[in-house]
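Notes to accompany the following structure.
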Amino acid sequence: MYPTETSPGPVPVQQLGTPVSPMARTAPVPAATDPAIIRNFCIIAHIDHGKSTLADRMLQLTGAVQQRDMKAQYLDRMDIERERGITIKSQAVRVPWEMDGTAYCLNMIDTPGHVDFTYEVSRSLAACEGAILLVDAAQGIEAQTLANLYLAMENNMTIIPVLNKIDLPAAQPEKYAAEIANLIGGEPEDVLLVSGKTGMGVEALLDQIVRDIPPPVGDPAAPARAMIFDSVYDTYRGVVTYVRVVDGHLKPRERIQMMSTRATHELLEIGVSSPEPTVCQGLGVGEVGYLITGVKDVRQSKVGDTVTTLHKPAAQSLGGYQDPKPMVFSGLYPLDGTDYPVLRDALQKFTLNDAALVYEPETSAALGFGFRVGFLGLLHLEITRERLEREYNLDLISTAPNVEYEVTLEDKKVLTVTNPSEYPTGKIAEVREPMVAATILAPTEFVGAIMELCQQRRGVMGGMDYLSEDRVEIRYRLPLAEIVFDFFDLLKSKTRGYGSLDWKADGDQVSDLVKVDILLQGEQVDAFSAITHRDKAYAYGVMMTGKLRELIPRQQFEVPIQAAIGARIIARESIRAIRKDVLAKCYGGDITRKRKLLEKQKEGKKRMKMVGRVEVPQEAFIAALSSDESKDKSKK
Amino acid sequence: MPSTLPLGDPAPGDGVLPGQAADGAAGRGFSLYAHIPFCAVRCGYCDFNTYTATELGGGASQDAYAATAASEVTFAARAMQESGLPERKLATVFFGGGTPTLLPARDLVSVLRSATDAWGVSQDAEITTEANPDSVSQDSLRELADGGFTRVSFGMQSAVPHVLRVLDRTHDPARVPQAIEWARTAGLKVSVDLIYGTPGESELDWATSVRTALSYQPDHISAYSLIVEDGTKLAAQIRRGQVPGIEDDDHAAKYTLADALFQAAGLAWYEVSNWARTPEDACRHNLAYWHGDDWWGIGPGAHSHIGGVRWWNVKHPTAYAGRLARGQSPAAGRETLNAETREMERIMLLTRLSGGIQVDSLSAGARHAMAQLIADELIDARAAFAGRLQLTLRGRLLADAVVRRLLPD
Numbered sequence: 009m010y011p012t013e014t015s016p017g018p019v020p021v022q023q024l025g026t027p028v029s030p031m032a033r034t035a036p037v038p039a040a041t042d043p044a045i046i047r048n049f050c051i052i053a054h055i056d057h058g059k060s061t062l063a064d065r066m067l068q069l070t071g072a073v074q075q076r077d078m079k080a081q082y083l084d085r086m087d088i089e090r091e092r093g094i095t096i097k098s099q100a101v102r103v104p105w106e107m108d109g110t111a112y113c114l115n116m117i118d119t120p121g122h123v124d125f126t127y128e129v130s131r132s133l134a135a136c137e138g139a140i141l142l143v144d145a146a147q148g149i150e151a152q153t154l155a156n157l158y159l160a161m162e163n164n165m166t167i168i169p170v171l172n173k174i175d176l177p178a179a180q181p182e183k184y185a186a187e188i189a190n191l192i193g194g195e196p197e198d199v200l201l202v203s204g205k206t207g208m209g210v211e212a213l214l215d216q217i218v219r220d221i222p223p224p225v226g227d228p229a230a231p232a233r234a235m236i237f238d239s240v241y242d243t244y245r246g247v248v249t250y251v252r253v254v255d256g257h258l259k260p261r262e263r264i265q266m267m268s269t270r271a272t273h274e275l276l277e278i279g280v281s282s283p284e285p286t287v288c289q290g291l292g293v294g295e296v297g298y299l300i301t302g303v304k305d306v307r308q309s310k311v312g313d314t315v316t317t318l319h320k321p322a323a324q325s326l327g328g329y330q331d332p333k334p335m336v337f338s339g340l341y342p343l344d345g346t347d348y349p350v351l352r353d354a355l356q357k358f359t360l361n362d363a364a365l366v367y368e369p370e371t372s373a374a375l376g377f378g379f380r381v382g383f384l385g386l387l388h389l390e391i392t393r394e395r396l397e398r399e400y401n402l403d404l405i406s407t408a409p410n411v412e413y414e415v416t417l418e419d420k421k422v423l424t425v426t427n428p429s430e431y432p433t434g435k436i437a438e439v440r441e442p443m444v445a446a447t448i449l450a451p452t453e454f455v456g457a458i459m460e461l462c463q464q465r466r467g468v469m470g471g472m473d474y475l476s477e478d479r480v481e482i483r484y485r486l487p488l489a490e491i492v493f494d495f496f497d498l499l500k501s502k503t504r505g506y507g508s509l510d511w512k513a514d515g516d517q518v519s520d521l522v523k524v525d526i527l528l529q530g531e532q533v534d535a536f537s538a539i540t541h542r543d544k545a546y547a548y549g550v551m552m553t554g555k556l557r558e559l560i561p562r563q564q565f566e567v568p569i570q571a572a573i574g575a576r577i578i579a580r581e582s583i584r585a586i587r588k589d590v591l592a593k594c595y596g597g598d599i600t601r602k603r604k605l606l607e608k609q610k611e612g613k614k615r616m617k618m619v620g621r622v623e624v625p626q627e628a629f630i631a632a633l634s635s636d637e638s639k640d641k642s643k644k
Numbered sequence: 387m388p389s390t391l392p393l394g395d396p397a398p399g400d401g402v403l404p405g406q407a408a409d410g411a412a413g414r415g416f417s418l419y420a421h422i423p424f425c426a427v428r429c430g431y432c433d434f435n436t437y438t439a440t441e442l443g444g445g446a447s448q449d450a451y452a453a454t455a456a457s458e459v460t461f462a463a464r465a466m467q468e469s470g471l472p473e474r475k476l477a478t479v480f481f482g483g484g485t486p487t488l489l490p491a492r493d494l495v496s497v498l499r500s501a502t503d504a505w506g507v508s509q510d511a512e513i514t515t516e517a518n519p520d521s522v523s524q525d526s527l528r529e530l531a532d533g534g535f536t537r538v539s540f541g542m543q544s545a546v547p548h549v550l551r552v553l554d555r556t557h558d559p560a561r562v563p564q565a566i567e568w569a570r571t572a573g574l575k576v577s578v579d580l581i582y583g584t585p586g587e588s589e590l591d592w593a594t595s596v597r598t599a600l601s602y603q604p605d606h607i608s609a610y611s612l613i614v615e616d617g618t619k620l621a622a623q624i625r626r627g628q629v630p631g632i633e634d635d636d637h638a639a640k641y642t643l644a645d646a647l648f649q650a651a652g653l654a655w656y657e658v659s660n661w662a663r664t665p666e667d668a669c670r671h672n673l674a675y676w677h678g679d680d681w682w683g684i685g686p687g688a689h690s691h692i693g694g695v696r697w698w699n700v701k702h703p704t705a706y707a708g709r710l711a712r713g714q715s716p717a718a719g720r721e722t723l724n725a726e727t728r729e730m731e732r733i734m735l736l737t738r739l740s741g742g743i744q745v746d747s748l749s750a751g752a753r754h755a756m757a758q759l760i761a762d763e764l765i766d767a768r769a770a771f772a773g774r775l776q777l778t779l780r781g782r783l784l785a786d787a788v789v790r791r792l793l794p795d
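Order-wise, the sequence lines are chains A and B. So for the first sequence, the numbering used here puts the first residue at 9; every next one is plus one. So for the second sequence, the numbering used here puts the first residue at 387; every next one is plus one.
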């Protein structure tokens with residue numbers, strides 16, 4: 009995948025593919041590129057607004073990808089990304105572009121498009137001087153885009169506003185151009201109109217990038233400083249680290265140092281993606297490329313960290329580094345207990361490539377051996393689970409996601425609880441839960457419905473602004489626990505799909521929280537325990553006992569299902585005993601069939617989980633732990 | 387006999403059995419089952435391998451059937467001999483269907499005669515035919531008795547007209563006592579079959595059927611819950627909501643009611659679905675199935691068992707007749723049980739009998755499971771202490787669950 013041998017020097021354009029008139033005749037050479045001809049930019053866009061299609065079109069127009077190698081959404085490598093239409097991991101692509109007789113080098117840095125990956129987005133933005141704000145001309149700007157746009161403006165980046173999909177009949181370019189101008193300043197006429205699908209306006213956009221986005225500025229004589237904006241594990245090469253050089257330069261065979269850990273590595277390979285990895289002689293000020301050092305774990309090459317050289321180390325890092333912090337926790341259990349080692353190995357491999365993923369073994373009386381896994385958010389959870397199932401052929405049960413609580417006991421001891429089963433039974437002085445600042449964008453007609461939803465979720469309104477006559481931004485402070493399960497699905501359904509959500513951590517608060525236990529025939533089923541607000545405990549109890557009554561088959565005895573807070577029962581259902589379980593006829597011709605049925609039933613019994621003496625089918629666990637709304641795994 | 391055949395191994399054309407079939411055969415009883423695959427009409431609940439007169443022709447026709455069946459008897463006798471099985475007289479013979487009495491009595495007698503010619507019958511052999519009250523007469527029953535039959539099992543099903551209609555049974559309920567009287571006069575023992583849990587049948591309807599059946603003072607009663615098999619007309623009617631579905635709780639209540647009424651009338655249960663006036667009145671042919679004896683089943687779709695080898699014939703009467711005409715085994719497939727599956731069947735079958743299972747014949751695991759079965763009132767505690775595993779009334783209703791708990795994990 010990463011060639012060890014390369015032919016340095018200018019690459020003649022004719023070899024690259026179909027000649028397109030403004031394409032650079034010669035591409036600037038890495039390590040020898042004047043910063044003045046470099047333009048580093050990213051694309052800020054909401055999912056489905058056509059970022060990948062636009063990026064594909066740029067690759068084609070610049071000749072970076074030959075027509076015959078083109079596959080839809082070239083940059084989104086993982087199958088899940090392509091299927092769900094979202095970008096999880098970013099990459100950087102170096103493409104040539106000629107304007108007014110000068111060959112320029114454009115570095116397009118792809119950004120993850122989802123709320124769970126805010127930190128990764130912020131690092132991608134920090135690697136650029138400018139950003140294309142890409143908005144679907146039929147849908148307008150969405151909350152996630154707004155959040156990233158805000159980050160970009162905070163970084164003093166140059167914004168090039170673009171409306172995409174103008175070929176669509178439903179496009180309303182005037183309306184949304186006015187909305188964008190209203191947000192970022194400038195005139196509606198300054199908003200470029202493009203169609204990633206047809207290619208219309210894309211050449212003009214490339215020219216605009218060269219004209220408007222400032223070239224990178226840095227000190228080539230200073231000690232090297234490069235910021236890591238992505239870090240990807242590759243089976244063959246180990247960790248591939250994507251960097252943007254700010255000062256000085258990096259060369260092959262040098263020893264580099266990670267400034268946060270002081271760890272040093274030898275630079276085995278240095279190169280650029282154009283878009284296939286191409287080895288080069290180094291990277292200078294403003295350049296973007298990849299480094300390979302042979303390390304095997306992305307945790308040794310952390311996004312946001314600063315790379316310097318050992319022989320001439322920089323005194324100060326570039327700043328802005330922070331450790332990723334898991335926000336949402338869920339128990340992952342293999343349906344088949346013998347798959348436990350497979351799950352363990354799979355999680356271990358995943359962490360090589362996902363610095364945000366944390367896990368530790370846990371045991372559930374009901375579900376057996378599994379892991380408590382921490383994620384950045386719900387989408388991160390869903391994607392990880394889906395990849396585990398697909399890539400390792402696992403069937404998994406995931407417990408209801410929950411957040412991290414800080415429980416202070418009366419003796420002042422403080423506990424951190426990420427799993428309801430760890431919730432202390434003793435005297436509790438106070439419980440603190442994490443809060444989020446949420447921004448919701450929606451057409452004005454849904455304001456009432458959104459406020460109702462947020463109120464139900466214990467939200468406190470922070471403010472509301474009109475983006476345009478018919479679009480509004482609503483800000484709420486909400487407990488994280490209230491948005492991790494089905495909030496987004498409900499928001500979508502209450503706004504007929506038009507509402508969008510962005511959130512970021514916003515401290516914590518003391519809340520009146522209780523643990524609700526579910527008991528089957530008096531036995532507590534840890535997998536169904538939940539920490540909820542006291543006012544919602546009853547509703548949870550009624551919902552869960554009702555669900556289980558439907559899901560658990562009748563047994564030879566009556567099975568009471570109870571919900572309890574401590575010793576107090578708050579809801580109760582019961583499953584009536586089965587009274588008949590016998591085949592009436594068993595004569596000569598029935599025996600073989602009957603025996604085979606028994607064998608099948610015995611097999612089926614092995615897949616049952618025993619709670620005390622109650623046989624609970626695994627399907628019941630899965631169904632009880634999934635919300636009805638989230639069954640349809642809608643794109644987020 | 388349900389019409390779907392199991393999947394098994396191929397069966398050889400000469401019908402010769404694997405070596406294990408002959409092991410210990412001298413100590414096992416030998417029986418014959420004869421399947422008569424004809425009915426006047428197909429009942430809506432029935433998925434048995436049976437055909438109405440218009441559905442078949444040629445060698446598979448009703449006229450030719452007796453001769454075809456007799457040719458399998460000849461085939462069987464030769465195959466058993468070639469398999470090294472000892473000569474044994476028939477302990478029991480059972481004609482089932484279908485509706486055996488749709489054939490003239492002389493045809494049934496001639497099939498029976500071919501069997502007695504081939505193997506002989508033991509002196510006190512039990513020789514039963516199933517019968518529809520509509521398709522017998524005083525003369526035909528006398529002819530059967532004269533030809534060697536000892537027992538007749540009438541498909542009464544219900545005494546309630548609206549229930550019989552849902553079952554598509556065409557007989558006049560008043561015909562049943564008449565037929566029973568003729569059978570008795572001819573010297574035949576009498577059993578009646580009842581079905582409970584038919585959609586639309588109330589508990590009172592069921593009590594009426596049970597009391598009516600008891601009023602005829604039969605020697606034996608079989609009572610089956612209605613099973614709605616896939617692919618039957620009744621299953622389609624339930625699916626379309628034309629008749630109400632089947633409720634297990636309703637079955638349990640009706641079973642309990644019937645058992646109480648049977649016991650009060652002096653009939654004791656000896657198998658989950660069977661009651662007899664005295665132990666001698668129990669159906670010995672069916673007991674042979676449950677005790678793991680040997681039997682040969684002749685006729686299309688018929689199952690056989692000899693020494694842990696089970697096989698089943700091709701289903702369609704035309705294919706069946708064709709195989710025999712070519713001198714080939716009519717078997718469609720077979721399975722050879724190993725020690726584990728034989729033990730599984732032994733437990734599955736013996737558990738259903740009032741005699742139950744000798745505890746010391748069970749595995750340690752099964753014996754261990756008995757403690758909880760006693761606690762759950764599924765097996766009788768006193769019998770268990772005395773060394774036998776025997777179902778309680780509750781245990782009979784949950785017999786399949788009991789068997790699952792006795793089998794190794």
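We treat Cβ as the ideally placed atom computed from N, Cα and C, and that holds for glycine. Note that the structure is predicted; figures quoted are calculated from it, not measured.
Does DSSP classify A:K613 as helix, strand or coil? helix
How should B:L488 be labelled, buried or exposed, when 16 other C-beta atoms within 10 angstroms of its C-beta is the threshold for buried? buried
Measure from the C-beta of A:K613 to each C-beta in chain B and report whether the shortest distance is under 8 angstroms. yes
Note the first and the last residue of the continuous beta strand (DSSP E) segment covering A:Q570. 567-573
Just checking my contact of B:I733 with B:V789 at CB under 8 angstroms: how many whole Å lie between their CB atoms? 6 angstroms
is_contact[A:A592, chain B] using C-beta, thresh 8 angstroms: yes
What do you reckon, are the CB atoms on B:A725 and B:W697 nearer than 8 angstroms? no
If we count the other Cβ atoms within 10 Å of its Cβ and call it buried at 16 or more, is A:T95 buried or exposed? Any reading at A:T95 is ruled out, since the residue's pLDDT is 43, under 50, leaving its predicted position unreliable.
According to DSSP, is A:A271 helix, strand or coil? coil
Could you compute how far the alpha carbon of A:S98 sits from the alpha carbon of A:D118? Since pLDDT at A:S98 reaches only 44, below the 50 mark, its modelled position is unreliable, and the value read off the structure follows with that caveat. Approximately 5 angstroms between the Cα atoms of the pair.
Three or more C-beta pairs closer than 8 angstroms, one from the region 238-247 of chain A and one from the region 331-338 of chain A: is that the case here? no
Looking at chain B, which residues of the region 501-516 of chain A have a Cβ within less than 7 angstroms of any of its Cβ atoms? none
Please report whether the beta-carbon of A:Y367 lies at a distance below 8 angstroms from any beta-carbon of chain B. no
Mind pulling the chain A residues with CB within less than 7 angstroms of B:H637? K588
A:L528 touches chain B at which residues, Cβ-Cβ below 8 angstroms? Here the premise fails: no neighbours, minimum Cβ distance about 17 angstroms.
Between A:Y348 and A:L521, how many whole angstroms is the CB-CB distance? I'm expecting something under 8 angstroms. Actually they are not in contact, since the Cβ atoms of A:Y348 and A:L521 sit about 32 angstroms apart, beyond 8 angstroms.
Could one say the Cβ of A:T600 lies closer than 8 angstroms to chain B's Cβ atoms, at least one of them? yes
Within 8 angstroms (strictly less), CB to CB, does A:G620 reach chain B? no
Since I believe A:T317 is in contact with A:I264 (beta carbons under 8 angstroms), could you give me their beta-carbon distance rounded to a whole number of angstroms? 6 angstroms
Taking 8 angstroms as the CB-CB limit, is A:G596 close to chain B? yes
Cβ pair B:L643, B:E587 closer than 8 angstroms: no
Give me the chain B residues within the contact set of A:R557, using Cβ-Cβ distance strictly less than 9 angstroms, ordered along the chain. Those do not exist, as A:R557 stays about 16 angstroms from chain B at its closest Cβ, beyond 9 angstroms.
Buried or exposed (CB count within 10 angstroms, at least 16 for buried), B:A650: exposed
Using three-state DSSP, classify B:R696 as helix, strand or coil. strand
According to the Cβ coordinates, are B:K575 and B:R551 closer than 8 angstroms? no
When the cut-off is 8 angstroms and only beta carbons count, does A:K617 lie next to chain B? no
Quick one: complete beta strand (DSSP E) runs, 3+ long, within the region 287-370 of chain A? 296-300, 314-317, 336-342
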